[in-house]
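Position 176 of the sequence shown, counting from 1, maps to 175 under numbering that gives the first Met the number 0, and the rest follow consecutively.
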Amino acid sequence: MTNRLLDGFDRTDTTLPAPTVQSHAANLTVLPGGDLGCVWFGGTQEGMADISVWFSRLAPGTTTWTEPVRLSDDPARSEQNPVLFPMPSGALWLLHTAQRGGDQDTAEVRLRVSHDHGTTWEATRTLFPATPDVGGVFVRQPPVVLPTGRLLLPVFRCRTAPGEKWSGDLDTSAVMISDDDGGTWSEQPVPGSTGLVHMNVHRLPDGSLLALYRSRRADAVHRSVSLDDGDTWSEPQPLDLPNNNSSIQYVPLADGRLALVYNHSSAADATARRVSLYDEIDDTGGLTDGKAPDGSVTTAVRQTPSTAFWGAPRAPLSLALSSDGGLSWPLRADLVTGDGHCLTNNSRDGLNRELSYPSIAQTPDGALHIAYTHHRKVIRHIMLTPQSTR
Numbered sequence: 000m001t002n003r004l005l006d007g008f009d010r011t012d013t014t015l016p017a018p019t020v021q022s023h024a025a026n027l028t029v030l031p032g033g034d035l036g037c038v039w040f041g042g043t044q045e046g047m048a049d050i051s052v053w054f055s056r057l058a059p060g061t062t063t064w065t066e067p068v069r070l071s072d073d074p075a076r077s078e079q080n081p082v083l084f085p086m087p088s089g090a091l092w093l094l095h096t097a098q099r100g101g102d103q104d105t106a107e108v109r110l111r112v113s114h115d116h117g118t119t120w121e122a123t124r125t126l127f128p129a130t131p132d133v134g135g136v137f138v139r140q141p142p143v144v145l146p147t148g149r150l151l152l153p154v155f156r157c158r159t160a161p162g163e164k165w166s167g168d169l170d171t172s173a174v175m176i177s178d179d180d181g182g183t184w185s186e187q188p189v190p191g192s193t194g195l196v197h198m199n200v201h202r203l204p205d206g207s208l209l210a211l212y213r214s215r216r217a218d219a220v221h222r223s224v225s226l227d228d229g230d231t232w233s234e235p236q237p238l239d240l241p242n243n244n245s246s247i248q249y250v251p252l253a254d255g256r257l258a259l260v261y262n263h264s265s266a267a268d269a270t271a272r273r274v275s276l277y278d279e280i281d282d283t284g285g286l287t288d289g290k291a292p293d294g295s296v297t298t299a300v301r302q303t304p305s306t307a308f309w310g311a312p313r314a315p316l317s318l319a320l321s322s323d324g325g326l327s328w329p330l331r332a333d334l335v336t337g338d339g340h341c342l343t344n345n346s347r348d349g350l351n352r353e354l355s356y357p358s359i360a361q362t363p364d365g366a367l368h369i370a371y372t373h374h375r376k377v378i379r380h381i382m383l384t385p386q387s388t389r
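Okay, structure coming up:
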């Protein structure tokens with residue numbers, strides 16, 4: 000690790016207003032007009048029906064985020080993993096998931112559109128429904144628009160074995176492809192992607208597409224490429240970067256390098272393991288006491304074989320840079336440190352200390368903006384401003 004990576008930057012930390020008990024899964028985008036937009040999900044607890052999408056913005060040159068606006072409100076589903084994306088047409092897309100309880104195999108992707116930069120919004124509609132044969136469908140990362148006008152939207156399929164509840168073991172990645180501005184879509188699965196999700200795609204200067212993945216196995220960040228505008232993909236291969244079965248995000252910088260935010264942690268750093276992802280949601284969707292069968296608070300090892308590993312520390316929050324198209328990431332600095340305790344989604348009792356689900360964007364002035372989950376309570380924002388631009 001080298002903290003010299005941050006030399007030459009001024010740092011400003013802010014906290015977004017939190018209208019709910021839990022806040023998680025932020026995504027940043029630069030909005031038309033220059034504001035920085037942030038969306039996330041909030042409510043009582045992930046998987047509960049009161050989880051909704053929230054939206055706030057930060058005007059250039061300021062450090063105060065606007066009061067959040069709720070952009071979804073389905074009383075029967077948990078609405079999660081929002082993504083804001085400015086379309087070439089000028090429309091602003093909001094994509095998010097909607098699922099029943101903790102059953103991600105029931106998730107569908109929904110779309111809401113604004114034509115005035117996020118001031119007013121059209122009615123929500125379902126873009127990709129869950130289907131029994133291929134499972135639920137999730138988003139986390141932004142779409143990509145290619146020079147041809149082709150639109151690529153990374154997704155992952157949440158699958159289950161017959162008779163079993165969703166656990167993440169069988170999830171796979173794919174891209175949804177549209178050549179008519181989102182009018183129609185085809186799905187292109189990524190070969191060899193079982194257990195690899197949160198596919199994050201960008202186009203590199205040589206015309207190739209680079210995808211980075213979160214690993215359910217909590218082993219390493221994985222990498223694959225496409226040389227034909229997303230029609231085919233290489234099988235993902237592990238990088239020399241740990242992953243803890245938590246979200247990552249990267250962005251190409253104006254200087255040609257790639258910047259990645261992630262947790263420098265893996266299953267090797269775990270001392271205890273969660274019973275399951277939704278260990279505190281009962282079959283009716285209510286909250287349980289969050290205790291394992293032995294009476295401990297969500298620290299029991301799962302009793303059934305699984306390739307998905309839950310409970311690796313979600314810390315430190317780190318920034319890494321690559322100068323060779325994502326093959327190596329020799330420069331790294333920790334942005335936020337802590338123990339990253341993540342054996343529960345419970346935000347009521349303050350047991351969760353994760354620093355997770357980072358999102359990264361670069362504004363035209365060269366500043367890097369990072370948003371992340373702080374202890375499942377609030378979304379925090381880091382602005383790294385090059386000192387030469389002051």
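Backbone N, C-alpha and C define an ideal beta-carbon position, used for all residues, glycine too.
Reducing DSSP to helix, strand and coil, say where aspartate 230 ends up.
coil
| Rounded C-alpha distance that separates leucine 4 from serine 317 | 11 angstroms
| query | Could you give the distance in angstroms between the alpha-carbon of histidine 23 and the alpha-carbon of serine 246? | reply | 11 angstroms
Quick one: complete beta strand (DSSP E) runs, 3+ long, within the segment 3-59?
-> 8-14, 21-29, 35-42 and 51-57
Problem set entry | Among Thr11, Asn26, Val20 and Thr14, the one whose alpha carbon lies nearest that of asparagine 199 | Asn26
query = Does the beta-carbon of glutamine 386 have 16 or more other beta-carbons within 10 angstroms, so that it is buried, or is it exposed?
reply = exposed
| field | Between the CA atoms of leucine 145 and proline 363 - distance to the nearest angstrom | value | 20 angstroms
- prompt: Beta carbon of tryptophan 309: closer than 8 angstroms to some heavy atom of the ligand MG?
  reply: With respect to the ligand MG, the structure offers nothing, as it holds no ligand at all.
Fill in: Supposed contact pair threonine 28 and leucine 70 - C-beta distance, whole angstroms, cut 8 angstroms
In fact, because the Cβ distance is near 14 angstroms, the residues do not count as touching under 8 angstroms.
Legend entry - For cysteine 157, the residue or residues it bridges with in DSSP: Gly135
- Item | Neighbourhood of proline 188 by C-beta distance below 7 angstroms, restricted to the same chain and skipping five residues each side | Thr171 and Ala173
Quick check on aspartate 268: does DSSP put it in helix, strand or coil? helix
Which residues bound the beta strand (DSSP E) around aspartate 180? Counting along the chain, aspartate 180 falls outside any beta strand (DSSP E), and DSSP gives it neither H nor E.
*Please name the residue in Asp348, Glu353 and Arg347 whose C-alpha comes closest to that of histidine 340.*
Glu353
Can you tell me whether DSSP reads glutamine 140 as helix, strand or coil?
-> coil
Cβ pair count under 8 angstroms reaching 3, the segment 32-40 against the segment 362-381: yes
(Q) Can you look up serine 387 in the DSSP assignment and give me helix, strand or coil? (A) helix
Have a look at Tyr371, Asn344 and Lys164 and flag the residue whose alpha-carbon is nearest the alpha-carbon of methionine 47. Asn344
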